[in-house]
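Residue numbers (my numbering), protein chains in the order written: chain A, 89 to 249; chain B, 2 to 250.
Using N, Cα and C, we set each Cβ at its ideal position, and we do this for glycine too.
Please read all numbers here as calculations on a predicted model, not as lab measurements.
Below you'll find the structure, written out as C-alpha cells, and then a few comments.
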C-alpha cells in the first residue's frame with residue numbers, strides 16, 4: 089500500500105480528505121523496478137494510474153524505426169509524488185507511451201482504474217475533484233498535440249504542393 | 002427550441018438525469034450561422050461549449066494572409082457532437098477557429114460559467130460531464146493521431162465533373178455519395194472539388210483522382226455505389242479500380 093504521507097503530497101490528490109485518500113490507498117499496490125526496466129509498454133491496455141514514490145520514471149515513444157512520426161516525440165520524466173497513466177481514462181484506453189525506470193531504483197504505486205471509478209461513483213465529490221484534474225492533463229496533452237499538427241500542416245500548405 | 006430529449010442524445014450529457022438535463026438546458030441558447038461564417042477565432046477566450054444541432058462545423062487553423070479552406074481543417078464536427086472543450090482546460094482559449102461548413106449550421110451554445118456553476122452545486126453532474134468530456138477528447142485525440150500518421154495534408158484531390166452533361170447523367174448523386182464517404186472517413190485533409198466537363202460527355206459522370214506522386218486517374222460512368230468503392234479502394238486503399246477507369250481497356 090502507498091504511504092498516506094506521500095499521497096498527501098501528490099498534486100492531483102491534494103483536494104481529497106483523509107478518508108478519501110485511505111479509500112484510494114486500498115485500491116493500490118506497490119512495485120519496484122531497476123534502472124532501464126519497463127513498467128508498461130505503449131499500446132498496452134491502460135488499466136492503472138501510477139504514482140512515483142521514489143526515483144524517476146521516463147515516458148517515451150517506442151515507435152520502431154521507419155514508422156511514420158506524427159509530431160516530435162515527447163520525452164517526459166516523472167518525479168516523486170507525480171501521477172501518470174492518464175490514458176486509462178480516455179478511449180481507446182491504451183498507453184500512449186512506454187514507461188521506464190530512469191533512476192537506479194524506482195518505487196511506484198499502481199492504482200487500479202476500475203476500482204477508482206467505483207469509488208467515484210459512490211463519492212461524487214472525489215470523482216469531481218479528480219476528474220477535473222484528469223481533464224486538465226488530458227486536455228493539455230491534446231492541445232499540445234493538435235497545435236503540433238496544425239503547425240506541421242500549416243507549414244506544408246505555406247511551402248505548398 | 003431544444004429540450005431534454007436533444008441533450009440526452011449528446012454524448013457529453015450521457016447518464017444525466019432529468020433534473021440535471023433541465024439545469025444544463027438553462028445554460029443553453031441557440032444560434033444559426035450561414036455557410037462559411039466564423040463562430041470563433043483561434044486564441045479568443047473560450048467562454049462557451051458548442052453542440053452541433055444541424056449541419057457541420059470545421060475546426061481549422063488560420064494562416065496569416067491566406068483565406069481559410071478545407072485544407073486547414075483539423076476536425077469536422079457532425080450533428081449532436083460537442084466542441085469548444087478548451088473552455089474547460091487552461092489557458093481557456095480556443096486553440097483553433099471554427100467555421101460553419103454546411104449550408105446552414107444550427108448550434109447550441111452552452112455558457113461555460115453557467116455550466117461550471119452547476120458543477121459546483123452538483124458534483125455528481127460535474128463528475129459525469131467531465132468524465133464524458135474526457136472520453137470525447139480521447140476519441141478525437143486517437144482519430145487525430147491516426148490521421149496524422151496516415152498522409153500529409155492535401156496529397157489527395159477528388160474532383161467530380163459537374164457540368165450540365167455530368168449532372169444529367171447523375172453526377173450530383175455521385176457527389177453526395179462522395180461527401181457521405183468523406184464524413185465517415187474522418188479525413189478532412191482529402192481535397193474534394195468540382196469542375197466542368199472534360200470533353201467526354203458520353204462517359205459522364207466522370208471523377209478524377211489525383212494522388213501526389215502518381216498519374217491522375219479519370220473514372221467514367223460513375224454511380225453512387227462505384228464512387229463509394231473508388232473512395233474506399235483507391236483514395237483510402239491506394240488500389241486503382243481499373244474496371245471503371247476511362248480508356249483503361
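- Contact between residue 112(B) and residue 49(B) holds: their C-beta atoms lie close to 6 Å from each other, under 8 Å.
- Between residue 200(A) and residue 103(A), the C-beta spacing is not below 8 Å.
- Taking 8 Å as the cut-off, the beta carbon of residue 237(B) is found no closer than this to the beta carbon of residue 177(B).
- Close to residue 220(A), with beta-carbon spacing below 7 Å, are these residues of chain B in chain order: 131.
- Residue-level contact by beta carbon holds for residue 231(A) and chain B, with a gap shorter than 8 Å.
- Residue pairing for residue 84(B): DSSP places it in a beta bridge opposite 51(B).
- Annotation: the segment 160-228 of chain A contains the following complete segments of the alpha helix (DSSP H) (minimum length 4 residues), in chain order: 201-210.
- Taking 7 Å as the Cβ-Cβ cut-off, the segment 40-70 of chain B approaches chain A at 62, 64, given in chain order.
- Classified as buried, residue 21(B) has 16 or more neighbouring CB atoms from the shown chains inside 10 Å of its CB.
- Going by DSSP, residue 6(B) is part of the alpha helix (DSSP H) stretching over 5-9.
- Secondary structure at residue 231(A): helix, using DSSP grouped into helix, strand and coil.
- In the three-state reduction of the DSSP assignment, residue 109(B) falls in the strand class, which pools E and B.
- In this chain, the alpha helix (DSSP H) harbouring residue 230(B) covers 225-231.
- Residue 46(B) counts as exposed, since fewer than 16 other C-beta atoms from the protein chains shown sit within 10 angstroms of its C-beta.
- Under DSSP, residue 77(B) shares a beta bridge with 59(B).
- Put simply, the CB of residue 105(B) is far from chain A, with every gap to its CB atoms at 8 Å or more.
- Just so you know, the alpha carbons of residue 86(B) and residue 245(B) end up roughly 44 Å apart.
- Using a Cβ distance threshold of 8 Å, residue 135(B) and residue 90(A) do not count as a contacting pair.
- The residue among 208(B), 190(B), 188(B) with its C-alpha nearest the C-alpha of residue 196(B) is 208(B).
- Scanning the segment 101-127 of chain A from its first residue to its last, the whole alpha helix (DSSP H) runs of 4-plus residues come out as 106-114.
- Of all C-beta pairs linking the segment 119-128 of chain B to the segment 50-60 of chain B, fewer than three are shorter than 8 Å, placing the two stretches out of contact.
- Residue ranges of uninterrupted alpha helix (DSSP H) with 4 or more members, entirely inside the segment 119-175 of chain B and ordered along the chain, are 124-151, 165-170.
- Inclusion of residue 58(B) and residue 84(B) in the CB contact set at 8 Å is warranted, their separation being smaller than that value.
- The closest CA to that of residue 31(B), considering only 16(B), 44(B), 23(B), 55(B), is found on 55(B).
- Counting C-beta pairs closer than 8 Å gives fewer than three between the segment 176-186 of chain A and the segment 103-117 of chain A, which falls short of the contact rule.
- In the DSSP assignment, residue 129(A) falls outside any alpha helix (DSSP H) and carries neither an H nor an E.
- Against chain A, the CB of residue 145(B) has a partner CB under 8 Å away; the residue lies at that interface.
- Neighbours of residue 235(A) in chain B, taken as residues at a C-beta separation under 7 Å, are given in chain order as 96.
- Per the DSSP secondary-structure output, residue 99(B) pairs in a beta bridge with 41(B), 60(B).
- For residue 80(B), same chain residues with a beta-carbon under 8 Å away, outside a window of 5 residues either side, are 53, 54, 55, 56, 57 in chain order.
- When rounded, the separation of the alpha-carbon atoms in residue 137(B) and residue 12(B) is 8 Å.
- Under the Cβ criterion of 8 Å, residue 94(A) is not counted among the residues facing chain B.
- In terms of Cα proximity to residue 24(B), the closest of 68(B), 66(B), 119(B), 16(B) is 119(B).
- Excluding residues up to 5 positions away in sequence, 166 lie with their Cβ nearer than 7 Å to the Cβ of residue 202(B) in the same chain.
- Taking C-beta atoms as the reference points, residue 10(B) and residue 104(B) fail to come closer than 8 Å.
- When the alpha-carbon of residue 16(B) is set against those of 72(B), 110(B), 211(B), 132(B), the nearest one is in 132(B).
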